[in-house]
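All remarks here apply to the structure that follows.
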Amino acid sequence: MYTSITDRRKFIKKMAILSAMTAAATMFPGILFADEQEEGIPNGANLDWKKAPCRFCGVGCGILVGTENGKAIAVKGDPNSAVNKGLLCVKGYHQTMCIQSKDRLTHALVKKNGQYVKTPLSEALDIVANKMKETIQKHGKDAVAMYTSGQSTIPEGYVASKFMKGAIGTNNLDCNARLCMASAVAGFLTSFGADEPMGCYEDIDHADYFITWGNNMAEMHPVLFSRMLEQKSRRGAKIIDFATRTTRSSTASDRSILFEPQTDLAIANAICYEIINNGWINKSFVEKHCNFSKGLTNMGYGLEDNYKFKDKPSTIDFEAYKKFLEDYTPEKVAKYSKVSVKDIKYLAAIYGDPNKKVVSYWCMGMNQHTRGTWMNNLVYNIHLLTGKISQPGNGPFSLTGQPSACGTAREVGTFTHKLPKGVVTNEKHRRLAAKIWKVPYERIPAKPTYHATEMFRAVDRGDIKFIWTQVTNPLVSLPKTGRYRPAMEKDSCFVVVSDVFPTPTSDVADVILPASWHIEKSGLYGNSERRTQHWDKMVDGPGETTPDAWMTIEVAKRMGYGDLFPYSEENHVEEIYNEYRQFHEGAKHGMAPLEVLKKESGVIWPYVNGKSTQWRFNAKYDPACSNGENFHFYGKPDGKAVIWQRPYEPAPEVPDATYPFWLNTGRVIEHWHTGSMTRRIPVLHKAMPSAYAEFHPEDAKALGIRNGERIKVTSRRGSCILPASINERGLPTKGQVFVPFFDENMMINDVTLDAFCPISKEPDYKKCAVKVEKV
Amino acid sequence: MKKRLGIISLFVLLFVAFIIVWNFSYQTGLEEAYIPITNEVPVLEIPSEKGVFMRSEFALEYLNMPIDEAHQRSLDTYYNNRAYPGAPPSIPHPLLKGERGIGGNACLQCHQNGGFVAKFNAYAPVTPHPGMINCRQCHVSQNTKTLFTATNFAKVHAPKVGINNAFPGSPPMIPHQIQMRENCLACHAGPAAPKEIRVTHPDRINCRQCHVPSDKVVTDIEVFTRTNSNYNE
Amino acid sequence: MPIKSYLAHPHSGKKNELIEALSSIEQCEVVAAQNKDVIILVTETEDTNQETILKEKLDTIGSLKLLAMVSGFNTPQNN
Chain A
1 MYTSITDRRK
11 FIKKMAILSA
21 MTAAATMFPG
31 ILFADEQEEG
41 IPNGANLDWK
51 KAPCRFCGVG
61 CGILVGTENG
71 KAIAVKGDPN
81 SAVNKGLLCV
91 KGYHQTMCIQ
101 SKDRLTHALV
111 KKNGQYVKTP
121 LSEALDIVAN
131 KMKETIQKHG
141 KDAVAMYTSG
151 QSTIPEGYVA
161 SKFMKGAIGT
171 NNLDCNARLC
181 MASAVAGFLT
191 SFGADEPMGC
201 YEDIDHADYF
211 ITWGNNMAEM
221 HPVLFSRMLE
231 QKSRRGAKII
241 DFATRTTRSS
251 TASDRSILFE
261 PQTDLAIANA
271 ICYEIINNGW
281 INKSFVEKHC
291 NFSKGLTNMG
301 YGLEDNYKFK
311 DKPSTIDFEA
321 YKKFLEDYTP
331 EKVAKYSKVS
341 VKDIKYLAAI
351 YGDPNKKVVS
361 YWCMGMNQHT
371 RGTWMNNLVY
381 NIHLLTGKIS
391 QPGNGPFSLT
401 GQPSACGTAR
411 EVGTFTHKLP
421 KGVVTNEKHR
431 RLAAKIWKVP
441 YERIPAKPTY
451 HATEMFRAVD
461 RGDIKFIWTQ
471 VTNPLVSLPK
481 TGRYRPAMEK
491 DSCFVVVSDV
501 FPTPTSDVAD
511 VILPASWHIE
521 KSGLYGNSER
531 RTQHWDKMVD
541 GPGETTPDAW
551 MTIEVAKRMG
561 YGDLFPYSEE
571 NHVEEIYNEY
581 RQFHEGAKHG
591 MAPLEVLKKE
601 SGVIWPYVNG
611 KSTQWRFNAK
621 YDPACSNGEN
631 FHFYGKPDGK
641 AVIWQRPYEP
651 APEVPDATYP
661 FWLNTGRVIE
671 HWHTGSMTRR
681 IPVLHKAMPS
691 AYAEFHPEDA
701 KALGIRNGER
711 IKVTSRRGSC
721 ILPASINERG
731 LPTKGQVFVP
741 FFDENMMIND
751 VTLDAFCPIS
761 KEPDYKKCAV
771 KVEKV
Chain B
776 MKKRLGIISL
786 FVLLFVAFII
796 VWNFSYQTGL
806 EEAYIPITNE
816 VPVLEIPSEK
826 GVFMRSEFAL
836 EYLNMPIDEA
846 HQRSLDTYYN
856 NRAYPGAPPS
866 IPHPLLKGER
876 GIGGNACLQC
886 HQNGGFVAKF
896 NAYAPVTPHP
906 GMINCRQCHV
916 SQNTKTLFTA
926 TNFAKVHAPK
936 VGINNAFPGS
946 PPMIPHQIQM
956 RENCLACHAG
966 PAAPKEIRVT
976 HPDRINCRQC
986 HVPSDKVVTD
996 IEVFTRTNSN
1006 YNE
Chain C
1009 MPIKSYLAHP
1019 HSGKKNELIE
1029 ALSSIEQCEV
1039 VAAQNKDVII
1049 LVTETEDTNQ
1059 ETILKEKLDT
1069 IGSLKLLAMV
1079 SGFNTPQNN
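Chains as they are written, first to last, in the working numbering: chain A, 1 to 775; chain B, 776 to 1008; chain C, 1009 to 1087.
Rendered as structure tokens:
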């Protein structure tokens, strides 16, 4: 993997340096050169460095990729990036190593008589287009679907949306961000009427307290966690870890508080009760800027096919809300949450102290929750009641897991109900989309169709007869894959998978399209803090690999929609972005022009008059505020945020006598999501070669399980055999099993439950009941 | 009359009070002595992780410490008093507290936090596991230079610096086992750290954010292969 | 194409200045010692003529106290 120094001049130069070093060492004993610690590393002087956002998580670190002779051979943190200031994590540093993997998909493969046959790309795209056309003719528009990704670039997501909703005229487009961000979106929309965090990462430099809700940031958002640790050692900022499992983050925190799964709902309400009861409420803020509402309860869990739910919000007054909270005194909540009264009061006191700045961070713990939308609302309640929001160092901050969950899935809107601006149910939004796309307004259907889980249920039922997945690996990442794998294998549905590597999803494909990886194409990503980042193509991909956006365009052209996609192959990224920008014009969501993005390491929207808006809704920073007050929540028609009355409701499946353990799934620092990229990076695979089932030592003792022994984890849906892990990476609470989901050879999602939040439709991967036995 | 009644009732009251108090103290006297049991707080500790942030409170001090070149160690001397890479080092100096010194009374006085020891003209290396105080269970002193009989034991090559990066300039992987040495800063920072492995950025305390172990624990780790695959070309 | 390496000694307290001055010259590559006031300088020029010009340029740097050559190589052109 090291490039040998073939260049004679470089070699001589190195010799010259070495002899000078030797000379210096004789003159100054003990002399130290940085090179001495990096002996053996080829001199990087001739590398060509280009900027990009990192390929992996939603933090959106700036990276610099070093290329030499058309190959990417080094990665370093971009010191100009305000996100990471030059620091990366182990995944980021080694990301480009995966593209040299030997099983890289380099050519289109078409299944003929059960065998994959190497096919010229243009022919494969003909097959895809014909099949799609034929299916629409025979079974209607809603028989074809596209399932994309929070890793799709902004242009990729945009052409997918334009293709499905504008050209074909179906809302059968959803994306894997449904599995990770949907509750955050629903939370933002219900509380503020505008998606995405109001603050930014700079909050870290100002906050006194970081409270992480079910979030192992040391492993999942390590660069941000390092920024927090820096503030901890330099300023004495405090980190409070509030979780169901002891992790590396707990070890680094000032305090770790553990709670019983699902009771976070009750504890958040108890914190609100304490805040009101102790008079810590910021009265003038609440009176000026907040409304109180309640919605439907006992919503169910979406376990049955064709499940439908629509919330009916109704306004309530403060007294009614106060009355509701009486069920959530710390004393009552302590009984079932396994959190002591003292700890609940401690948390409330942090939020309640007007002199302390508090940031709440969360990611999958709160979002992958059958009451995920409620949970998001409840944390907003805490920040709204105390007025700690939209100010440097004060605010709730929802983190993301995918590099463009915000930029593509949420902003471009690759969800069934979304349009690049607004939602399909809104006539004004449909008219705007039709105008920019230059399609008849009637073509965009007003009714959302399938969200992710329901989309694959429809495949199973035979309602969807053609599905095209891009940049995602649903047969590892969906819950209850035991149902959806056979569904995708059925002959009733034609499956097209475009990906970079073979995955369990491409295994069931009828056509596999070879996609370009990250730096083999140009693109744009948007991270969790509303930062849009652009990169240029740096290396050529192998074989016939092609950017996903271009493959979508080629299929659209073959289906006769060429006039809607008048882009050029070389410049399509630029042309598409410029078209897309029109959707977000204005002070509330203005996107930076491409020239600015090319120059700078990311720009935060709203980008107004050449300036990023770091804190939205705060008149001091946000030019879109127009009510003359200090704060203006302009997402809602009356400019007020909503404090929601959301009760505690139990999880759909709780441990019982037959299935006595909670199953919690998650990630590890070395691997990213389904591992299709990171497992092909030798460094990362060697550090974490397989998944494992983590036990509390006392549970392990009771069951007679020793470290490394093979354990079968079984639920009502399926089972999975993994090595036991005791006292290693993490420590689940008693009665809980934790399994990371990256390992396609040990499919824990065969075991998980496909219950979801009725409002956001995001599945809960963190809670179901299992039994364990030795095999 | 009134006065007498008052006095009588006072004595009656006192008598009743006496009986109550006496009974109460008699009854409590019958109970067994006990110490109130406070709620058990579970100890949250992950053995393989707990040491990671152990010395992080000194991170900023490490960062600002000047380097004393005259007294720094090198990897050569570091490996000199270890039988093999990863073996507990032997004690290369006379025992200051004598043969019976243990833990906090002896070794840890210098080896818990380090510092310059004039007597040996060197900085004391910091132990990565100060919680284990029976030091000489594993670390023995060198009392003679000769051997009982000659040996064929050959020292295996210790991990080298500068060759553990996967990419030019990428963070080096951890080429050694970390059991009982989870606390990176103990050996990789401060004046006793061997100069080749002294970290340039001790303030970044979440070490395993960028550096992950590459050394096998028991069996060799093969490259990733898809075993669930039914992929055929 | 001459390639030469030198030890460059800065005036006291002017190490960073010297590093900056040297690295701004195209033909120079700089490796600074981390703990001593000495810098390794490697020069790479097209021919001896340019070499002399570069030498003159180096002489004008104020923060440079002493420049001691350690080794010199010459490689054929276009390689």
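All residues carry an ideal CB built from backbone N, CA and C; glycine is no exception.
Would you identify the three-state DSSP class for residue i, choosing helix, strand or coil?
i	result
E36 (chain A)	The predicted model places E36 (chain A) with a pLDDT of 49, which falls under 50 and marks its position as unreliable, so this point remains unresolved.
K388 (chain A)	coil
S314 (chain A)	strand
V255 (chain A)	At residue 255 (chain A) the sequence reads Arg, which differs from the Val that was named. Reduced to three states, the DSSP call for R255 (chain A) is strand.
A755 (chain A)	coil
E698 (chain A)	helix
W437 (chain A)	helix
C54 (chain A)	coil
C175 (chain A)	strand
Q582 (chain A)	helix
T481 (chain A)	helix
A349 (chain A)	helix
R234 (chain A)	helix
L64 (chain A)	strand
Q645 (chain A)	strand
G199 (chain A)	coil
Given this structure, state the Cα-to-Cα distance separating residue i from residue j, to the nearest angstrom.
i	j	result
A237 (chain A)	L731 (chain A)	25 Å
Y321 (chain A)	N278 (chain A)	16 Å
N855 (chain B)	K1022 (chain C)	39 Å
M15 (chain A)	H671 (chain A)	39 Å
Q1035 (chain C)	R55 (chain A)	36 Å
D782 (chain A)	L265 (chain A)	For residue 782 (chain A) there is no data in the structure shown, the boundaries of chain A being 1 and 775.
L753 (chain A)	S719 (chain A)	12 Å
L1049 (chain C)	H986 (chain B)	32 Å
W550 (chain A)	Y209 (chain A)	46 Å
G590 (chain A)	N291 (chain A)	27 Å
T552 (chain A)	F259 (chain A)	46 Å
T6 (chain A)	L18 (chain A)	Residue placement at T6 (chain A) cannot be trusted, given a pLDDT of 48 that sits under 50; what the coordinates show is reported in the next sentence. For T6 (chain A) and L18 (chain A), the distance between alpha carbons rounds to 18 Å.
L109 (chain A)	A487 (chain A)	21 Å
P740 (chain A)	S725 (chain A)	11 Å
Based on DSSP bridge pairs, tell me the residues matched to residue i.
i	result
V358 (chain A)	A:Y209
Q533 (chain A)	A:Y525
D978 (chain B)	Paired residues: none, contrary to the question.
H1017 (chain C)	C:L1074
M146 (chain A)	A:L173 and A:W468
P1010 (chain C)	C:N1082
K118 (chain A)	A:L109
So the alpha helix (DSSP H) residue i belongs to, where does it begin and stop?
i	result
I795 (chain B)	K777 to L805
L883 (chain B)	C882 to H886
Considering residue i, what are the terminal residues of the beta strand (DSSP E) in which it resides?
i	result
Q736 (chain A)	Q736 to P740
D460 (chain A)	Element bounds for D460 (chain A): not the beta strand (DSSP E) but the alpha helix (DSSP H), A452 to R461.
C720 (chain A)	S719 to I726
Is the segment 278-291 of chain A in contact with the segment 374-387 of chain A, if contact means three or more CB pairs nearer than 8 Å?
Verdict: yes, contact present.
The segment 93-113 of chain A in contact with the segment 487-507 of chain A per 3-pair CB rule at 8 Å:
By the Cβ criterion, the segment 93-113 of chain A is in contact with the segment 487-507 of chain A, since at least three pairs of Cβ atoms, one from each stretch, lie closer than 8 Å.
Evaluate contact between the segment 792-800 of chain B and the segment 514-531 of chain A, counting only Cβ atoms and requiring at least three cross-stretch pairs below 8 Å.
Too few Cβ pairs lie closer than 8 Å, so no.
Count Cβ pairs between the segment 853-868 of chain B and the segment 913-933 of chain B that sit closer than 8 Å; are there 3 or more?
In short, these stretches touch, since the Cβ pair count reaches three.
Touching or not, the segment 214-223 of chain A and the segment 186-196 of chain A, by the rule of three or more beta carbon pairs under 8 Å?
Three or more Cβ pairs closer than 8 Å define a contact, and the segment 214-223 of chain A falls short of that threshold against the segment 186-196 of chain A.
I want to know whether the segment 129-148 of chain A touches the segment 563-577 of chain A - three or more CB-CB distances under 8 Å.
Touching, no.
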